[in-house]
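Single-structure report; data block below.
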Amino acid sequence: MPVIDNRRRRLGTAAGTALLTLTVAGCSGLGRTAVGPVTYTTEREAVIMVNSPSVRGCHPLAPAGAKEVANGTLIDIILYRTRDCTGPGTTYLPTTLTDVRAPSSLPWRSFSTVH
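Next comes the structure, spelled out in C-alpha cells:
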C-alpha cells in the first residue's frame with residue numbers, strides 16, 4: 013500500500029501547486045485596468061480621454077495639465093499637481109464623479125488609481 017500512498021501524495025502536491033500558481037496569477041495586478049475612461053479638459057479646452065488606464069503606476073496628463081477631470085472608471089483616482097504623482101495638493105476623485113479646479117490653483121498634471 014505505500015506505493016499508492018506515495019502516488020496520492022505526489023498527485024495531491026502537484027494539484028496543490030497548480031492551484032496555488034493559478035491563485036497567485038489571478039490575484040496579481042499585472043495587466044489589470046481601471047475599466048472605463050478618465051476624461052479631462054486642458055486650459056485650451058481640448059478634451060482628452062484615457063480609456064481603461066492601468067491600475068499600476070503614475071499617469072501623466074497633458075503637459076499643460078488639466079482644469080477639469082471626470083472619473084468614469086470603476087475605481088477611485090488621486091489627482092496630483094506634479095507630473096510624477098508626488099507632492100502636496102492632491103485631490104481624491106471617486107468613481108463616476110467630476111472635479112473642476114479652483115481658478116487660483118495649479119492644474120492637475122498626473123493621476124494614480126486607488127486599488
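The opening position of the sequence shown corresponds to residue 13 in my numbering, with each subsequent residue numbered one higher.
Each residue gets a CB set at the ideal place from its N, CA and C atoms; glycine is no exception.
Residues sharing a beta bridge with residue i, DSSP
| i | result |
| --- | --- |
| Thr94 | Thr94 pairs with nothing; no bridge assigned. |
| Ser66 | Thr45 |
| Asp111 | Val81 |
| Thr102 | Note: Thr102 sits in no beta bridge, so no partner. |
| Pro75 | Pro75 is not bridged to any residue. |
| Ile60 | Tyr52 |
| Ile89 | Leu105 and Thr125 |
Residue i - DSSP class collapsed to helix/strand/coil
| i | result |
| --- | --- |
| Thr125 | strand |
| Ala37 | Confidence at Ala37 is low in this model, with a pLDDT of 44, below 50, so the placement of that residue should be treated as unreliable; the coordinate-derived value is given next. Residue state, collapsed to three classes: helix. |
| Thr51 | strand |
Length of the line joining the Cα atoms of residue i and residue j
| i | j | result |
| --- | --- | --- |
| Ala82 | Thr51 | 5 angstroms |
| Arg68 | Arg93 | 19 angstroms |
| Leu109 | Ser66 | 19 angstroms |
| Pro119 | Val62 | 17 angstroms |
| Ala114 | Gly43 | 35 angstroms |
| Gly48 | Ser116 | 30 angstroms |
Distance CB(residue i)-CB(residue j) smaller than 8 angstroms
| i | j | result |
| --- | --- | --- |
| Phe123 | Leu86 | no |
| Glu55 | Ala76 | yes |
| Thr103 | Asp111 | yes |
| Ser64 | Ala46 | yes |
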